[in-house]
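Numbering (my numbering), first residue to last: 18 to 325.
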């Protein structure tokens with residue numbers, strides 16, 4: 018409670034009305050009740066009772082045990098005062114005994130009052146004389162209404178979230194279907210293009226193979242056979258003699274095994290065998306030429322020619 022002269026009335030207003038700002042209403046009712054019962058309460062006041070009441074009506078004036086007793090009778094609820102303990106140091110009773118919750122206040126530093134409330138039992142509205150009033154019923158109704166409103170709001174929120182998720186799911190499915198259709202169409206186009214290219218590629222391959230075969234035959238027919246080398250092989254040095262042998266005859270030359278006839282037209286054909294014509298020619302198998310004398314010791318001597 019606010020620490021001012023109205024702290025006692027604030028604590029009572031908090032438990033009776035549920036609002037400490039109604040302390041002025043509680044003070045007014047208390048002073049009116051004291052004036053109506055002046056013959057009884059005046060016995061506990063040493064100064065003039067009217068002066069006392071007028072002074073207590075000021076909002077900055079503190080209350081004491083006389084005002085507590087008046088409020089206990091006015092609200093028909095006991096007023097219990099606590100001070101640094103769990104047991105009350107003083108209790109003010111009402112006119113009639115009942116089972117209503119008492120008004121509990123705590124007293125601090127001999128100058129200030131606070132409100133002590135039982136959180137497990139409602140006390141607001143008790144003592145106001147309201148017919149068919151049950152403490153806490155309004156709070157329960159408010160609680161039920163708040164729960165119902167909260168549940169409805171929660172249900173609406175969940176429905177909205179479900180709708181959003183369903184919308185997102187539908188949009189996602191549509192996007193997936195569109196992507197699948199696009200990929201399928203592109204794959205179909207690639208397959209069609211591949212099938213269209215296959216016949217062209219096969220015909221081009223056949224033409225290339227035919228041209229390559231023709232060019233290969235032409236190249237083979239125009240190529241002459243390569244003569245074998247007479248040089249000895251490094252792997253088989255003994256297969257060839259060291260001395261070079263005679264060269265093979267060209268394709269247009271006569272066979273090397275039979276020498277040409279001396280009577281054939283040539284250098285020694287005219288006048289051969291006549292007197293004074295000179296010696297007959299000699300065929301050398303080593304040089305493969307006609308000569309007047311043997312070219313080596315292995316060549317046979319030329320035949321003798323007699324005159325006549």
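We treat Cβ as the ideally placed atom computed from N, Cα and C, and that holds for glycine.
Keeping to the same chain, check which residues put their C-beta closer than 7 Å to that of residue i; ignore five residues upstream and five downstream.
i, result
"residue 115", "93"
"residue 208", "none"
"residue 24", "18, 129, 130"
"residue 133", "99, 121, 122, 123"
"residue 26", "40, 43, 44, 80"
Which same chain residues end up closer than 8 Å to residue i when comparing Cβ atoms and leaving out the 5 residues on each side of it in sequence?
i, result
"residue 112", "90, 93"
"residue 20", "129"
"residue 62", "69, 83"
Return the CA-CA distance between residue i and residue j, expressed in angstroms with no decimal places.
i, j, result
"residue 135", "residue 74", "30 Å"
"residue 172", "residue 110", "51 Å"
"residue 170", "residue 161", "14 Å"
"residue 79", "residue 22", "5 Å"
"residue 174", "residue 166", "12 Å"
"residue 123", "residue 138", "18 Å"
"residue 183", "residue 202", "28 Å"
"residue 45", "residue 141", "19 Å"
"residue 164", "residue 176", "18 Å"
"residue 72", "residue 64", "11 Å"
"residue 194", "residue 187", "10 Å"
"residue 120", "residue 168", "36 Å"
"residue 191", "residue 213", "33 Å"
"residue 189", "residue 216", "42 Å"
"residue 49", "residue 103", "33 Å"
"residue 337", "residue 185", "The displayed coordinates of the chain run from 18 to 325. Any statement about residue 337 would go beyond what the structure contains."
"residue 126", "residue 143", "29 Å"
"residue 105", "residue 56", "29 Å"
"residue 211", "residue 181", "45 Å"
"residue 95", "residue 179", "56 Å"
So, is residue i buried or exposed, given that buried needs 16 or more other C-beta atoms within 10 angstroms?
i, result
"residue 30", "buried"
"residue 204", "exposed"
"residue 118", "buried"
"residue 199", "exposed"
"residue 40", "buried"
"residue 69", "buried"
"residue 32", "buried"
"residue 197", "exposed"
"residue 259", "Confidence in residue 259 is poor, its pLDDT being 46 and thus under 50, which makes the residue's placement unreliable; the coordinate value appears in the next sentence. Label assigned to residue 259: exposed."
"residue 261", "Annotation note: pLDDT 48 at residue 261 (below 50); position unreliable, coordinate value reported separately. It is exposed - the Cβ of residue 261 has fewer than 16 other Cβ atoms within 10 Å."
With a CB to CB cut of under 6 Å and the five nearest residues on each side skipped, what residues in its chain are close to residue i?
i, result
"residue 84", "47"
"residue 206", "none"
"residue 256", "Since pLDDT at residue 256 reaches only 46, below the 50 mark, its modelled position is unreliable, and the value read off the structure follows with that caveat. Within the same chain, residue 256 has no close Cβ partners at all."
Is the separation between the beta-carbon of residue i and that of residue j shorter than 9 Å?
i, j, result
"residue 66", "residue 59", "yes"
"residue 82", "residue 54", "no"
"residue 28", "residue 51", "no"
(message) Would the stretch 93 to 109 count as touching the stretch 35 to 54 if we require 3 or more Cβ pairs under 8 Å?
(response) no
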